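Notes for the one structure printed next.
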Amino acid sequence: MRAFDTPLDQFTIPMVVSTCAELMLLDHGKNIHGLVLKLGLFAGNSAVGSSFVYMYVKCAQMDDAYLMFDEMCVRDAVAWTALVIGYVQNNESEKGLECLCEMHRVGGDGERPTFRTLEGGFQACGNLGALIEGRCLHGLIVKTGIGCSQVVQSSLLSMYSKCGIPREAYHSFCEVTNKDLLSWTSLISIYSRFGLMTEGLSLFWEMQENEIYPDGIVISSILLGFGNSMIVSEGKAFHGLIIRQNYVLDMVVLNALLSMYCKFGLLSLAEKLFHRVPEANKDSWNYMIFGYSKVGLEAKCIELFREMQWIGIELDSNSLVSMVSSCSQLGATYLGRSLHCHIIKHSMDENVMVVSSLMDMYVKAGNLNIAWKIFCGTQRDVVTWNTLISSYTYCGHYAEAVALFEEMISENLQPNSATLVTVLSACSHLASLEKGERVHCFIKERGIESNISLATALVDMYAKCGQLEKARKLFNTMKERDAISWNVIISGYGMHGHAKSAIEIFQQMEKSNVKPNGLTFLALLSACAHAGLIKEGTYLFNRMQDYSIKPNLKHYACMIDLLGRSGNLQEAEALVLTMPFSPNGGVWGALLSACKIHNEIETGVRIAKYAIETDPENDGYYIMMCNMYNSVGRCEEAERNVASIAVALLWLAGNLPVHCVPNPPPPLVSRFWGATQQS
1 MRAFDTPLDQ
11 FTIPMVVSTC
21 AELMLLDHGK
31 NIHGLVLKLG
41 LFAGNSAVGS
51 SFVYMYVKCA
61 QMDDAYLMFD
71 EMCVRDAVAW
81 TALVIGYVQN
91 NESEKGLECL
101 CEMHRVGGDG
111 ERPTFRTLEG
121 GFQACGNLGA
131 LIEGRCLHGL
141 IVKTGIGCSQ
151 VVQSSLLSMY
161 SKCGIPREAY
171 HSFCEVTNKD
181 LLSWTSLISI
191 YSRFGLMTEG
201 LSLFWEMQEN
211 EIYPDGIVIS
221 SILLGFGNSM
231 IVSEGKAFHG
241 LIIRQNYVLD
251 MVVLNALLSM
261 YCKFGLLSLA
271 EKLFHRVPEA
281 NKDSWNYMIF
291 GYSKVGLEAK
301 CIELFREMQW
311 IGIELDSNSL
321 VSMVSSCSQL
331 GATYLGRSLH
341 CHIIKHSMDE
351 NVMVVSSLMD
361 MYVKAGNLNI
371 AWKIFCGTQR
381 DVVTWNTLIS
391 SYTYCGHYAE
401 AVALFEEMIS
411 ENLQPNSATL
421 VTVLSACSHL
431 ASLEKGERVH
441 CFIKERGIES
451 NISLATALVD
461 MYAKCGQLEK
471 ARKLFNTMKE
481 RDAISWNVII
491 SGYGMHGHAK
501 SAIEIFQQME
511 KSNVKPNGLT
521 FLALLSACAH
531 AGLIKEGTYL
541 FNRMQDYSIK
551 PNLKHYACMI
561 DLLGRSGNLQ
571 EAEALVLTMP
581 FSPNGGVWGA
591 LLSACKIHNE
601 IETGVRIAKY
611 AIETDPENDG
621 YYIMMCNMYN
631 SVGRCEEAER
641 NVASIAVALL
651 WLAGNLPVHC
661 VPNPPPPLVS
671 RFWGATQQS
């Protein structure tokens, strides 16, 4: 056209510019922009300006897109929509939302939000977790009648899913006229994310009844849900179902299976699957590194990391995060510092997750100052703030953690649910009702009180601050409750001596769809121990097998404490001696305390000897043994017995020469010597 001197007009330019946008020909587009300015084709026409806004957005040049938009004398919905979607797609959701609000406020008849604009708005709200703004947009589409669009309905569902509101996501799902695979996937994913596997699986079957068959993303969502909920038997069964029904078994599903087994701690199954994967990708390796780290095999984790490097798999942020975490768990600070150098050398110190893992490593190594320096030298966003606040909470600096939260808000950075959960935990440890209520007000203002994690954290905060009525009222208003929610309210009543109320709440939990776990029974047994409810405690301890829960040391310690406090020392001692694993300090301590309370000196001495044989370096047992003798005026016997035990153990350990052992040797030496001779 230019070669034949054909004049450009306001119809030709938008088509050419749109082509430049689709082909990412930014330089050509800029040349055309200059030509259009020279020919004065912008005047009085919105289509030309809108096409350039779209081009700059498509080429991720948001500053140029905004300048172009700002210079437009006449604007239309296309230009506004391009700008809104551009901000959202370029990780500037807050600006996108502001732009949409401005469009609604000042736009004329030709500048009203379209279904595409609202799609971008809902996506921005989902990315920001801006539930109030999302609900306002929801109200707008109901009022204007443009909510019938499939695109708007799907984006509304996605927004509630990202904001973590399963109930409202379900209502939005019900409003979708033609439910496609994306709609089903969105709702199944949110149920899986929150561990609502009964609802998620129900949808999974209903989806297939409607002749929509699951793809790899849906199946991986279900698997990740099992992994997050630690539902081992059902997770294994679903793996079998995938094989029997010939569901999609692509790389996404294989990696989801790896992730699930690693979260279960079933590394043998994960290893078999990993070695059968035809071409394990970077994610597969990362899941295995995570799995080894989770079960405490940090050395294996480091070995796998080195193997990745040897075979030429490029390290990414996920690999480094797992590795830094392993160094943290191992206390391998030197290796962690080497990784820090590697991260700086390869310019990965701008990655938020990597930076956060480094901060966490230094905090756990006791170097809070280094973590603070890293925070000050990086771009501050929600994730880095969360890590810093969590770090101060981890180190017991609860007041400072709350102060950091307030500073974060003063910098106009919106905290997410993870931030608020951490701050509420700090308030709980401080038992500061005033600070906790301020955080609660902030949550109410943001309209996110219905978030399960936040509601649970609020219940925990009020319970630990002694406000059981408020905690119970808030718990009763929760629309969704998971095992953690029930555990928190049960524990709250238990710690304040209301064991019978705790048991009543447990009975309500059994009637719901939520299965109790080991922590549920630990809270109940602890409550019974403090209230002296032997019958109820024994019944609950025996009920654990109904839910396929094996008691651990903490459960046994609670039962021994319960039996010991009530004077049933023989039963308590028998339980200790029949435990399937070796007793620890908590178990022996509970039994010895009971002996002291009930002045059962001989039983206490016998148990103290068992305890000292198990852990001779624990001086608490010696002190408790002396105190029991002293309480009945048998000081000389205390000195003689404790000295005898100490000498015997030193001699058996090889830390005491034979000539130092008194003659005749202490009874404990003779008994041990006889046992060793027989063996």
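Numbering (UniProt numbering), first residue to last: 1 to 679. A virtual CB, placed ideally from N, CA and C, is assigned to each residue, including glycine. On a predicted model such as this, the values are computed, not experimentally measured, just so you know.
Top-ranked residue by Cα proximity to residue i, from the options
i           : options                   : result
G129        : D180, L201, S161 and K464 : S161
D70         : M103, N91 and F581        : M103
A169        : G134, L140, F506 and S149 : G134
A237        : L257, M207, V252 and D250 : L257
S566        : R167, I597, K554 and G40  : I597
G589        : Y394, E573 and T578       : E573
V576        : S593, I212, I601 and I607 : I607
F405        : C174, L433, R438 and A82  : R438
S417        : L388, E434 and S450       : S450
T185        : E209, G216, F194 and L335 : G216
L249        : S582, N228, L39 and V218  : V218
I490        : M323, V252, T477 and T520 : T520
I484        : R116, E504, G331 and A455 : A455
A21         : I13, L39, Y54 and K38     : Y54
R446        : L420, K473, A457 and L562 : L420
A502        : L26, D561, Q379 and V488  : V488
H429        : A457, I443, S410 and Q414 : A457
residue 681 : L433, G227 and L137       : One cannot answer for residue 681 here, as it falls past the ends of the chain, which runs 1 to 679.
R112        : L266, P166 and I146       : I146
N351        : S338, R380 and L335       : R380
N552        : C327, H530, F52 and F581  : F581
P516        : N412, R543 and G492       : R543
Nearest-angstrom Cα separation, counted from residue j out to residue i
i           : j    : result
Y398        : Y292 : 32 Å
V355        : K609 : 50 Å
C262        : Q467 : 39 Å
M260        : S220 : 9 Å
M408        : W385 : 7 Å
T603        : Q545 : 31 Å
S18         : D76  : 16 Å
residue 750 : L524 : Only positions 1 to 679 of the chain appear in this structure, which leaves residue 750 out of reach.
I343        : S390 : 22 Å
I243        : S548 : 26 Å
L368        : V605 : 44 Å
A653        : C395 : Below a pLDDT of 50, predicted positions are generally treated as unreliable, and A653, at 47, falls in that range; no measurement from the model is reported.
M68         : C99  : 14 Å
Q570        : Q508 : 34 Å
C595        : G585 : 15 Å
L424        : C163 : 19 Å
A527        : Y539 : 13 Å
L23         : Q123 : 25 Å
I190        : L241 : 22 Å
S347        : H340 : 11 Å
G494        : M579 : 25 Å
G564        : K464 : 27 Å
L39         : Y56  : 20 Å
C427        : G436 : 5 Å
V363        : G265 : 26 Å
K294        : G139 : 45 Å
V382        : L335 : 28 Å
G235        : G225 : 9 Å
N412        : D561 : 50 Å
6 Å Cβ shell around residue i - same chain, five flanking residues per side excluded
i           : result
P665        : Because the pLDDT at P665 is just 43, under 50, the model does not fix this residue reliably, and the value given afterwards should be weighed accordingly. Once the five neighbours on either side are set aside, P665 has no close Cβ partner at all.
residue 726 : The structure shown does not extend to residue 726, since the chain is modelled only from 1 through 679, so no value can be given for it.
Cβ neighbours of residue i in the same chain (closer than 7 Å, five flanking residues each side left out)
i    : result
S154 : V176, L182 and S183
M72  : S46, G49 and A79
V16  : I32
Y392 : E400, A401 and L404
L533 : A499
E119 : V151, V152 and S155
V658 : Only weak support is given to the placement of V658: the predicted model assigns it a pLDDT of 43, under 50, and the question is left unresolved by the model.
Any non-hydrogen atom of the ligand GTP within 7 Å of residue i CB
i    : result
V218 : Although the ligand GTP was asked about, the structure shown includes no ligands whatsoever.
Proximal residues to residue i (C-beta, below 8 Å), its chain only, five neighbours per side dropped
i    : result
W285 : L304, M308, I313 and S319
L273 : L254, L257, L258 and Y261
I316 : The residue you asked about is not Ile; residue 316 is Asp in the sequence shown. Counting only Cβ-Cβ distances below 8 Å, and skipping sequence neighbours, we find K282 and N286.
Quiz item: Using 8 Å as the Cβ pair cut-off and three pairs as the minimum, do the segment 82 to 90 and the segment 53 to 61 touch?
Solution: Yes, they touch.
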